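**Student:**
Residue numbers (this note's numbering): 1 to 66.
Right, dumping it as structure tokens:
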């Protein structure tokens with residue numbers, strides 16, 4: 001599956017790395033491409049990964065999913 005998240009609060013490459021790491025740490029996530037310019041993340045994951053899990057990971061990293 002592929003899920004796109006709109007993310008607010010990222011302002012630099014460090015933010016991108018932080019969000020990418022948080023998403024990749026979720027069991028079942030195979031890739032996470034985070035774009036500072038687009039303020040988004042495209043996450044490829046298995047069926048067992050929920051939108052809530054993705055949202056929680058981003059929010060725990062200090063950013064907002066809109």
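We put the beta carbon where it would ideally sit given N, CA and C, even for glycine.
Quick caveat: nothing in here was measured; it's all calculated off a predicted structure.
Alpha helix (DSSP H) containing residue 60: first to last residue?
**Tutor:** Position 60 of the chain shown, counted from the start, is the residue given in the question as residue 60. Its alpha helix (DSSP H) spans residues 51 to 60.
**Student:** Just how far apart, CA to CA, sit residue 23 and residue 38?
**Tutor:** By one-based count along the chain shown, residue 23 stands at place 23. By one-based count along the chain shown, residue 38 stands at place 38. Cα to Cα, residue 23 sits roughly 17 Å from residue 38.
**Student:** With burial defined as no fewer than 16 other Cβ atoms inside 10 Å of the residue's Cβ, what is the status of residue 1: buried or exposed?
**Tutor:** To locate residue 1, count along the chain shown from 1; it is residue 1. It is exposed - the Cβ of residue 1 has fewer than 16 other Cβ atoms within 10 Å.
**Student:** Taking residue 45 as the reference, give the member of 25, 18, 16 with the closest Cα.
**Tutor:** Locating residue 45 in the chain shown gives position 45, counting from the first residue. With distances taken between Cα atoms, residue 45 lies closest to 25.
**Student:** According to DSSP, is residue 20 part of a helix, a strand, or is it coil?
**Tutor:** Your numbering for residue 20 matches position 20 in the chain shown. Helix at residue 20.
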